[in-house]
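Participant: Would you mind keeping the following structure in view while I ask a few things?
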Amino acid sequence: MNNFNFDILIVGGGHAGCEAAYAASEFDLNVGLVSMPGIPLASAPCNPAVGGVGKGQVVRELDALGGLMPRLTDYAGIQFRILNESKGPAVRSTRVQIDKDKYAEKAFEILSNRKGLTLVDATVVKITKSANGYTVNSKEGKVITSKTLILTAGTFLNGKLHTGPLQVEGGRVDCDKSAGLDELISSKSKIKRFKTGTPPRLLGKTINFSKMEPQPSDNRAICFHFANKPELRQQKQLDCYLTRTNSNTLTSIRKNKERSPIFNGQIEGVGPRYCPSIEDKAFRYPDKDSHHVFVEPEGLDIDTFYPNGISTSLPVEVQEEFLRTIPGLEEAKIAIPGYAVEYDVVDTVDLKISLEHKEIAGLFTAGQLNGTSGYEEAAGQGFIAGINAVYLLKELEPFKLDRNHSYIGVMVEDLVTSERDEPYRLFTARSESRLYNREDNTYFRLAPYRKSLNLTNDIDNFLEKYLDQRETLVELVKTSGFRATPAWKQYFQEMEYGKIQENITLEELIKRSHLDPEVTLDKELIRMGLRFIPQVISDVANSVKYEGYLERAQNQQEKLSKLTTRKIDWRNLSENSNISFECRQRIVKVQPEDFSQLSRINGIRPATLAYVASNSL
Amino acid sequence: MEWLVSKDPIIACSSGANQNTAISVIRISGIAKLSDLQENFSKDLNKVEPRKAYLSKIFSNGRNLDEVLLTYFKGPNSFNGENILELSVHGNPLNIKNILELFNSVGIRNANPGEMTYRALRNNKLTMSQVEGLDTLLNANSTEIIEQGLNNLGGALQKEYLKLRDLYLHLRGSVEILIDFSEDVGEEDSFKNLKESFDNFFNFLRKLELRTQTPRNHLLKPKVVFLGKTNAGKSTLFNKLLNNDRAIVSDTHGTTRDYVTEYFNASGVEFQLVDTAGLRKSEDQIEIQGIKLSKELYKEAFFKVLVINPLMEVVFDSLESEPDVVIFTHSDDSRFDEFLSNYKDLYKEKPCFYSGSIGPDGAFGPIGPGFKIGPIGPSSKNGPIGPKSGGPIEPLGPLKNLIFSKYSKLTKNNPILPERQRSNIKELYEKTELLAQVIETQSDIGVVSSEINTLDSSVNALLGITTPDDVLNNIFSNFCIGK
Chain A
3 MNNFNFDILI
13 VGGGHAGCEA
23 AYAASEFDLN
33 VGLVSMPGIP
43 LASAPCNPAV
53 GGVGKGQVVR
63 ELDALGGLMP
73 RLTDYAGIQF
83 RILNESKGPA
93 VRSTRVQIDK
103 DKYAEKAFEI
113 LSNRKGLTLV
123 DATVVKITKS
133 ANGYTVNSKE
143 GKVITSKTLI
153 LTAGTFLNGK
163 LHTGPLQVEG
173 GRVDCDKSAG
183 LDELISSKSK
193 IKRFKTGTPP
203 RLLGKTINFS
213 KMEPQPSDNR
223 AICFHFANKP
233 ELRQQKQLDC
243 YLTRTNSNTL
253 TSIRKNKERS
263 PIFNGQIEGV
273 GPRYCPSIED
283 KAFRYPDKDS
293 HHVFVEPEGL
303 DIDTFYPNGI
313 STSLPVEVQE
323 EFLRTIPGLE
333 EAKIAIPGYA
343 VEYDVVDTVD
353 LKISLEHKEI
363 AGLFTAGQLN
373 GTSGYEEAAG
383 QGFIAGINAV
393 YLLKELEPFK
403 LDRNHSYIGV
413 MVEDLVTSER
423 DEPYRLFTAR
433 SESRLYNRED
443 NTYFRLAPYR
453 KSLNLTNDID
463 NFLEKYLDQR
473 ETLVELVKTS
483 GFRATPAWKQ
493 YFQEMEYGKI
503 QENITLEELI
513 KRSHLDPEVT
523 LDKELIRMGL
533 RFIPQVISDV
543 ANSVKYEGYL
553 ERAQNQQEKL
563 SKLTTRKIDW
573 RNLSENSNIS
583 FECRQRIVKV
593 QPEDFSQLSR
603 INGIRPATLA
613 YVASNSL
Chain B
1456 MEWLVSKDPI
1466 IACSSGANQN
1476 TAISVIRISG
1486 IAKLSDLQEN
1496 FSKDLNKVEP
1506 RKAYLSKIFS
1516 NGRNLDEVLL
1526 TYFKGPNSFN
1536 GENILELSVH
1546 GNPLNIKNIL
1556 ELFNSVGIRN
1566 ANPGEMTYRA
1576 LRNNKLTMSQ
1586 VEGLDTLLNA
1596 NSTEIIEQGL
1606 NNLGGALQKE
1616 YLKLRDLYLH
1626 LRGSVEILID
1636 FSEDVGEEDS
1646 FKNLKESFDN
1656 FFNFLRKLEL
1666 RTQTPRNHLL
1676 KPKVVFLGKT
1686 NAGKSTLFNK
1696 LLNNDRAIVS
1706 DTHGTTRDYV
1716 TEYFNASGVE
1726 FQLVDTAGLR
1736 KSEDQIEIQG
1746 IKLSKELYKE
1756 AFFKVLVINP
1766 LMEVVFDSLE
1776 SEPDVVIFTH
1786 SDDSRFDEFL
1796 SNYKDLYKEK
1806 PCFYSGSIGP
1816 DGAFGPIGPG
1826 FKIGPIGPSS
1836 KNGPIGPKSG
1846 GPIEPLGPLK
1856 NLIFSKYSKL
1866 TKNNPILPER
1876 QRSNIKELYE
1886 KTELLAQVIE
1896 TQSDIGVVSS
1906 EINTLDSSVN
1916 ALLGITTPDD
1926 VLNNIFSNFC
1936 IGK
């Protein structure tokens, strides 16, 4: 079959594309996903891990919204970790090392059996827009038409790979670049060039793990998908290993500065400051001579390891040289050298909050093409684009997540309201409501949004049950408690709960600062012989604990929002000679509608903010 | 508060309008087109170039009102960014009144207090702290403060607040490193980094906070207050300093029932000198009130002078605030040394002066240094050697020097902060003190970070990034300049 016709066509089978296809095919529309032959769906070309600080929240949000990524991650997870465990539930996140083959296999299994979704193997060479939609031509001669298009081409848009002086065109190692996609967009908006990189892959049998610190999987870490249980991991669990660079490593890098494509001018694209290559670390921080290197398995049946922390585009012989200086990697053989990739990205201020292009109707973009980094960011946008393509066809108002309720909402708003100078990654700092946007209360936070999709699936049943139980438990902790009788005093002493002077409620007990709220609530529920969904217990315990702080933050927020929610007229500002030329240019570009959007624009000066604040009467 | 959004043309007399002066300056701001005012001028306004002065007559209904010098400042190149017409008119209050009324009659309303300057702020011609600098400048009483006003007008304070904001952003950044990057940076280094950033921020803020400890009026209108028992000789000293007979001086106890103020100048600074009702037990309600007031004045004074006649009954009621200087009177009395010893321990650390017999016609003895450094110069107890009352009083020089040196020390270290910033800094400082405890005790970094973030609005408010409502409530209420 060479001709296809869809309501929604997704171009690109990475994390954004797969999530968009999965989301869009939940409605009774005809959805297609076209991806390059020979590349597995949802493959993990960089580090073999899903989740992390801030990102773990995104994966859980996807689960509450009925997404794909959480299921795949749980299935392929070979090492689970809880990050920031000692720093409080608000900043605690889950990260999972995945078997990248199993991850891709599962993605194919689910998507190929999905009702309403057709997978098309093809290399797209041309996309044209017509009055009714889009026509896509492939190298293989396939012609695909669709009413709407979701473009998730990752780093494939004019991708160029660098390893030392070697330059190859392509989206990643051994893959073609995508040509002909950029004309459609570049006619309407500016294309930027970003850069990212990846470390060499090492052969496991040549690594001496006895010289490294093992980091075992944490069997307490909660799964990402609501129905999965930590005690029933679906794959055998493996260790990761920690080793460190030293002054010898850095010396061998520093003496090869002129051979680094990043430093000799060969690479022009802007790389992320938060994910520096080892060259960046060596030259930008000359005083530091040791960095962590996490050696991560890429799969159960794959003998390659990912040395996290030494991403590089130095020539292969230099990579070999500096690896030899790292404990445990003295004999390590490189399976695939590290490389940097430069690629084109869309300027996301040209997108609407629905991720549809402002000028090109029916075209959505998501993922790395939008200048983000990370599988989780890609999947989050894929979901939003998928739903909004559906909503566009159904003529509904865009599906939007409030930034105060979710990290995906934070990301999408950040992308469309402020100009980016480097790849965008989610940090918990990007959220103004970090104490609220936690992993433990994700189902509570996102339930109303999932409900608004009007679907009936297993997640919808779960959420209904979740909300019921949550309500019951909140009531319970506020109303049940302990009397200051000798028996309870004795009990408090045994449990190390502290003193009991007068009657207290369960709520007051779990708020005590020396107690872990989750553990305490769990113990008490067991004592009372009550069963709740484990996620409900964590959610309620932490929500009770944070109540006061949330209120304070809320007050502050309200005080701020007097200012931040104030509408501004960007057109007026753009013509105002009292604002510096540079700031005006940025204002025109982003077209901020309120003060908070203005204040988030990169490079807006305090003087401009002060001026606008005192004038937006 | 409608005027805050108004763009109407406004008029005000920018120089003092209540005295006869040679020239007064009237400003009209916000005029759309200069030629709209043609009917009232003899000069062809179409030929007026900005920033040049022209002679013109002013007409009211064809009648010649005054001959003025006019200068046009075309916005945005004017003091407040609007088109401004500045008229130098003859400075007779009646003349000024007539001219203002003339322009009122053609639809230009009188400016509200501060409105001209407010428009400068609105048009980004001045930052908040520059406006406040202007306030300081215009209300200054000394060259030091004028200089500070000029510095603020030049943006010196703004620079410090920008520095504070940088340190604050650094602090926030260090928490984020702890949360998002501790795997890369290492736990220990991340915590160290947080601690350091907090210390840097707090130390810088502490320096700013020090400046807020001296109330603004202390420095803008510094009061030198004399306090003492009735008949100790306060009023005499007061008169000597002022060199006139302003306070009523007599032998009768309780002569000064109310307080008396005058101004005197020391090294270019104007001080307000306050003589208070003497302290004693009294049944007289009016006098009781006077005594209460005396104590209050003393407490709030910038410079506190305690006047003691050691020959009278000893011990003083304990005073809430320590004096800056103690003056012992009646040093020419033969029992002076004997009685003085009662006080030696009490005021050991204070500069003390002796002064000769006090009385309506009594001579004023030289003032010598106190116990601390021992008396120097001619001994005072062997009779008066100072000049008679009425003449210039050189011996008071050391006292004046003390007053001035305290003043200049304070103004040097504590430049005057406008009220809004003063209260912002105080609020920020108090919040930061609490934050220090949170950082010390709280292991939940989410909470630490949330608490740090609550400082955001206070830090930004210093830079003027705050709601207009807050701005207006805080500054323009205290604000009375540039009519």
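First to last, the protein sequences are chains A and B. Per the working numbering: the first sequence = residues 3 to 619. Per the working numbering: the second sequence = residues 1456 to 1938. Just so you know, even glycine gets a beta-carbon here, dropped at the ideal spot from N, CA and C.
Quick check: is the beta carbon of residue 1579(B) nearer than 8 Å to any beta carbon in chain A?
Facilitator: Numbered from its first residue, the second sequence carries residue 1579(B) at position 124. So, interface residue.
Participant: Ignore the nearest five residues each way along the sequence and tell me which others in residue 170(A)'s own chain have a CB closer than 6 Å to its CB.
Facilitator: Your numbering for residue 170(A) matches position 168 in the first sequence. Within the same chain, residue 170(A) has close Cβ partners 163.
Participant: Between the region 128-136 of chain A and the region 370-377 of chain A, can you find at least three pairs of beta-carbon atoms closer than 8 Å?
Facilitator: No: the two stretches stay apart, fewer than three of their Cβ pairs being nearer than 8 Å.
Participant: So, is the C-beta of residue 1654(B) closer than 8 Å to a C-beta in chain A?
Facilitator: By 1-based counting over the second sequence, the position of residue 1654(B) is 199. Cβ-Cβ to chain A under 8 Å: no for residue 1654(B).
Participant: For residue 1853(B), which option in 1570(B), 1809(B), 1505(B) has the closest C-alpha, if you only look at C-alpha atoms?
Facilitator: Position 398 of the second sequence, counted from the start, is the residue given in the question as residue 1853(B). When only C-alpha atoms are compared, the closest one is 1809(B).
Participant: Taking 8 Å as the threshold, find out whether the region 1470-1485 of chain B comes into contact with the region 1525-1541 of chain B through three or more Cβ pairs.
Facilitator: yes
Participant: Could you give the residue range of the alpha helix (DSSP H) that holds residue 142(A)?
Facilitator: By one-based count along the first sequence, residue 142(A) stands at place 140. Element bounds for residue 142(A): n/a, residue is neither H nor E.
Participant: For residue 50(A), tell me which candidate among 186(A), 308(A), 172(A), 231(A) has the shortest Cα-Cα distance.
Facilitator: Along the first sequence, read from residue 1 onward, the residue named residue 50(A) stands at position 48. When the alpha-carbon of residue 50(A) is set against those of 186(A), 308(A), 172(A), 231(A), the nearest one is in 308(A).
Participant: With a 10 Å radius around its C-beta and 16 neighbouring C-beta atoms as the bar for buried, classify residue 1561(B) as buried or exposed.
Facilitator: Numbered from 1 along the second sequence, position 106 holds the residue referred to as residue 1561(B). Per the 10 Å Cβ criterion, exposed.
Participant: Could you have a look at residue 1717(B) and say whether DSSP puts it in helix, strand or coil?
Facilitator: Residue 1717(B) sits at position 262 when you count from the first residue of the second sequence. In this structure, residue 1717(B) counts as strand in the three-state DSSP scheme.
Participant: Give the residues of chain B in contact with residue 430(A), contact being defined as C-beta atoms less than 7 Å apart.
Facilitator: Against the first sequence, residue 430(A) aligns to sequence position 428. Neighbours of residue 430(A) on chain B, chain order: 1634, 1635.
Participant: Do you know how far the Cα of residue 38(A) is from the Cα of residue 154(A)?
Facilitator: Residue numbering aside, residue 154(A) sits at position 152 when the first sequence is read from its first letter. Residue numbering aside, residue 38(A) sits at position 36 when the first sequence is read from its first letter. Taking the straight line joining both Cα atoms gives about 12 Å.
Participant: Got a sec: is the Cβ-Cβ distance from residue 1739(B) to anything in chain A below 8 Å?
Facilitator: Counting from 1 along the second sequence, the entry for residue 1739(B) is found at position 284. Answer no: the Cβ-Cβ gap between residue 1739(B) and chain A never drops below 8 Å.
Participant: Is there a Cβ from chain B that is less than 8 Å from the Cβ of residue 275(A)?
Facilitator: The residue you call residue 275(A) lines up with position 273 of the first sequence. Judged by the 8 Å Cβ criterion, residue 275(A) is not in contact with chain B.
Participant: Let me make sure I understand the geometry here. Which of 1917(B), 1783(B), 1724(B), 1733(B) has the alpha-carbon closest to that of residue 1863(B)?
Facilitator: For this step, residue 1863(B) is matched to residue 408 along the second sequence. Residue 1863(B) has its Cα closest to that of 1724(B), out of 1917(B), 1783(B), 1724(B), 1733(B).
Participant: Give me the residue from 435(A), 203(A), 414(A) with the minimum Cα distance to residue 427(A).
Facilitator: Position 425 of the first sequence, counted from the first residue, corresponds to residue 427(A). In terms of CA proximity to residue 427(A), 414(A) leads the group 435(A), 203(A), 414(A).
Participant: Taking Cβ positions only, does residue 342(A) come closer than 8 Å to chain B?
Facilitator: Here residue 342(A) is taken as the residue at index 340 of the first sequence, counted from 1. Residue 342(A) does not count as touching chain B.
Participant: Would you mind reading off the limits of the alpha helix (DSSP H) that contains residue 453(A)?
Facilitator: Stepping through the first sequence from its first residue, residue 453(A) is reached at position 451. DSSP places residue 453(A) in the uninterrupted alpha helix (DSSP H) bounded by 444-453.
Participant: At a CB-CB cut-off below 9 Å, which residues of chain A make contact with residue 1893(B)?
Facilitator: Taking the first residue of the second sequence as position 1, residue 1893(B) is located at position 438. Correct list: empty, because the minimum Cβ distance to chain A is about 10 Å.
Participant: Identify the continuous beta strand (DSSP E) that holds residue 327(A) and give its terminal residues.
Facilitator: Taking the first sequence and counting its residues from 1, the one referred to as residue 327(A) is at position 325. Where residue 327(A) is concerned, there is no enclosing beta strand (DSSP E), given that its DSSP letter is neither H nor E.
Participant: For residue 93(A), go through chain B and note every residue whose CB falls closer than 9 Å to its CB, in chain order.
Facilitator: Looking up residue 93(A) in the first sequence gives position 91. Within 9 Å Cβ-Cβ: 1633, 1634, 1635, 1899, 1900, 1901, 1904.
Participant: Name the chain B residues whose beta carbon is nearer than 7 Å to that of residue 55(A)?
Facilitator: Here the question's residue 55(A) lines up with position 53 in the first sequence. Ordered by position in chain B, the residues that pass the 7 Å Cβ test against residue 55(A) are 1634, 1635.
Participant: Identify every residue that forms a DSSP beta bridge with residue 407(A).
Facilitator: Along the first sequence, one-based indexing puts residue 407(A) at 405. Looking at the DSSP assignment, residue 407(A) forms no beta bridge with any residue, so it has no partner.
Participant: Closer than 8 Å is the cut-off here; do at least three beta carbon pairs connect the region 243-252 of chain A with the region 279-297 of chain A?
Facilitator: yes
Participant: Against residue 1639(B), what residues of chain A qualify as contacts under a CB-to-CB distance less than 8 Å, listed in chain order?
Facilitator: Start at 1 with the first residue of the second sequence, and residue 1639(B) comes out as number 184. What residue 1639(B) touches in chain A: 293, 294, 311.
Participant: Spatial neighbours of residue 328(A) within its chain, please: C-beta separation below 7 Å, excluding the five flanking residues on both sides.
Facilitator: Here residue 328(A) refers to the residue found at position 326 of the first sequence. Cβ within range, chain order: 245, 247, 251, 295.
Participant: Under a Cβ-count criterion, where at least 16 other Cβ atoms within 10 Å of its own Cβ denotes burial, should residue 573(A) be classed as buried or exposed?
Facilitator: Residue 573(A) sits at position 571 when you count from the first residue of the first sequence. Classification of residue 573(A): exposed, given that the 10 Å Cβ count is below 16.
Participant: Quick one, which residues of the region 1523-1543 of chain B are near chain A if we go by CB-CB under 9 Å, in chain order?
Facilitator: 1531, 1536
Participant: May I ask which residues mark the beginning and end of the beta strand (DSSP E) holding residue 1730(B)?
Facilitator: Position 275 of the second sequence, counted from the first residue, corresponds to residue 1730(B). Its beta strand (DSSP E) spans residues 1724-1730.
Participant: Counting only C-beta atoms, is residue 600(A) closer than 8 Å to chain B at any point?
Facilitator: Within the first sequence, numbered from 1, the residue matching residue 600(A) stands at position 598. By this cut-off, residue 600(A) is not an interface position.
Participant: Report the option in 1727(B), 1666(B), 1664(B), 1676(B) whose CA atom is closest to the CA atom of residue 1693(B).
Facilitator: Position 238 of the second sequence, counting from 1, holds the residue named residue 1693(B). Checking every option, the nearest Cα to that of residue 1693(B) belongs to 1727(B).
Participant: Whose Cβ in chain B lies nearer than 7 Å to the Cβ of residue 579(A)?
Facilitator: Residue 579(A) sits at position 577 when you count from the first residue of the first sequence. Under the 7 Å cutoff, chain B gives 1531.
Participant: Report back the beta-carbon spacing between residue 554(A) and residue 1909(B) to the nearest angstrom; my notes put them in contact at under 8 Å.
Facilitator: By 1-based counting over the first sequence, the position of residue 554(A) is 552. By 1-based counting over the second sequence, the position of residue 1909(B) is 454. Correct: roughly 7 Å between the Cβ atoms.
Participant: Can you tell me where the beta strand (DSSP E) holding residue 307(A) begins and where it ends?
Facilitator: The residue given as residue 307(A) occupies position 305 in the first sequence. Note, residue 307(A): beta strand (DSSP E), 306-310.
Participant: At a CB distance below 9 Å, what residues from the region 502-536 of chain A approach chain B? Give them in sequence order.
Facilitator: 515
Participant: Does residue 203(A) have its Cβ less than 8 Å from a Cβ in chain E?
Facilitator: Looking at the structure shown, chain E is missing, and the protein chains on hand are A and B.
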